[in-house]
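The sequence shown begins at 1 in UniProt numbering and counts up one residue at a time. Single-structure report; data block below.
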Amino acid sequence: MYGNSGISAIIMYQGLLSMVGKNEILLVASLLILFCKQISSECRQLTPCSCMFSNGQGYNLSPLSNSSLIATDDFTNFTFYYHPCMNIPLGNKSTDCYKGVSLCAVYDNHTFSLGKAEETKIIVEVDSAKPPVFILRNESNSITTIALACCSNLCGTHLYVDSINIDKNEYHLILTSSYACKTTQIKSLSTGSILLIYFFILTGIYFIGGTIILKFLRGATGWEMVPNHEFWRNLPSLVKDGVVFTFNCCRLDSYERI
């Protein structure tokens, strides 16, 4: 029916289809791997001063929430006041910082806000060579980056000015502290989770412990090994009778009213 050329063409076509299918599968698999890697390497921001990776590690500046970090640049006469986790009123009532800000700057006796705590964005690059960065923006579109530099407890906590570009409204600061190091954060359980854990533990003790006691002390076998087996055996029918009674009761009340 088909010549040699036709058969060859069909074989080549089927080969191309199989290759396309394999390439699509490989492409989808590669995208899934990249997506999972991106999710696992992302430091999810929890608060204005903390973020956490999927493995429980992360960065947390909460211990510095009550600290007032000050950095001064003698060359430009800029002074920066930084509160990582909350907004603090600074300056007099006529300044923007008096309303409460996370980062405030003073230049030529002029005080202005560089960003609030809720406007902080934490960026952690996949490349471990780049430090984590806290980015703050204000209404004037100024950008301030605060790079975290991990150090031991001996170095203390200090804020430094790295560079300033007044024309572009860009300010780059460096925060050195032992709290700037990557740490393992413990996830606290909610009340509901704790109650569920207690419920399953007590349920396990009730059934497993009761089964062992009935087996070895009373010689129970089969269904009789279950504690209060008569109650559990009749429970489905009891629930059914309760539902039927509830609906029938409502119907009787409606009928009597009529």
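Here a beta-carbon is modelled for each residue, glycine too, at the ideal position from N, C-alpha and C. On a predicted model such as this, the values are computed, not experimentally measured, just so you know.
- Task: Tell me whether I197 sits in a helix, a strand or coil according to DSSP, three-state version.
- Result: The answer is helix: DSSP assigns I197 an H, G or I state.
- Message: Taking the alpha helix (DSSP H) that G210 belongs to, which residues open and close that run?
- Response: For G210, the enclosing alpha helix (DSSP H) starts and ends at G210 to L217.
- Range covered by the beta strand (DSSP E) that runs through F78: That run of the beta strand (DSSP E) goes F78 to Y82.
- Task: Could you check which residue in T72, I135, V239 and N169 has the C-alpha nearest to that of C85?
- Result: Measuring from the Cα of C85, the nearest candidate turns out to be I135.
- Task: Run the CB neighbour count on P236, radius 10 Å, all protein chains shown included, and call it buried at 16 or more, exposed below.
- Result: P236 comes out exposed.
- Spatially closest choice to Y179 from C150, E125 and A129, by CA coordinates: When the alpha-carbon of Y179 is set against those of C150, E125 and A129, the nearest one is in C150.
- Message: Does the structure place the stretch 161 to 171 close enough to the stretch 137 to 145 that three or more beta carbon pairs sit under 8 Å?
- Response: Judged by Cβ distances under 8 Å, the stretch 137 to 145 makes contact with the stretch 161 to 171, as three or more pairs qualify.
- Item | Beta-carbon spacing of D73, I164 below 8 Å | I164 sits close to D73, with the two beta carbons spaced by under 8 Å.
- Cβ-Cβ distance between N138 and D108 below 8 Å: The answer is no: Cβ separation not under 8 Å.
- Which residues bound the beta strand (DSSP E) around T95? Boundaries cannot be given for T95, as no beta strand (DSSP E) includes it and DSSP labels it neither H nor E.
- Item | Through-space distance from Y160 to L46, alpha-carbon basis | CA-CA distance, L46 to Y160, rounds to 25 Å.
- Query: Could you give the residue range of the beta strand (DSSP E) that holds E170?
  - Reply: Per DSSP, E170 belongs to the beta strand (DSSP E) from E170 to S177.
- Query: So the beta strand (DSSP E) N60 belongs to, where does it begin and stop?
  - Reply: Run containing N60: Q57 to N60, per the beta strand (DSSP E) assignment.
- Query: K121 to N55, Cα distance in whole Å?
  - Reply: Going from the Cα of K121 to the Cα of N55 covers about 21 Å.
- Task: Determine which residues share a DSSP beta bridge with I135 and list them.
- Result: DSSP lists K121 and T145 as partners of I135.
- From S177, S94, L114 and L202, residue whose alpha carbon lies closest to that of P63: It is S177.
- For G242, the three-state DSSP class (helix, strand or coil): If DSSP states are grouped into helix, strand and coil, G242 belongs with the helices.
- Of the residues A129, D162, G91 and S67, the one placed nearest F75, counting alpha carbons only: Of all alpha-carbon atoms in A129, D162, G91 and S67, the one lying nearest the alpha-carbon of F75 is that of D162.
- Helix, strand or coil at I205 according to DSSP, with G and I counted as helix: Correct three-state label for I205: helix.
- Y81 and I70 closer than 8 Å at C-beta: For Y81 and I70, yes; Cβs fall inside 8 Å.
- Message: Taking the straight line between their C-alpha atoms, what separation do you get for C51 and N87?
- Response: Taking the straight line joining both Cα atoms gives about 18 Å.
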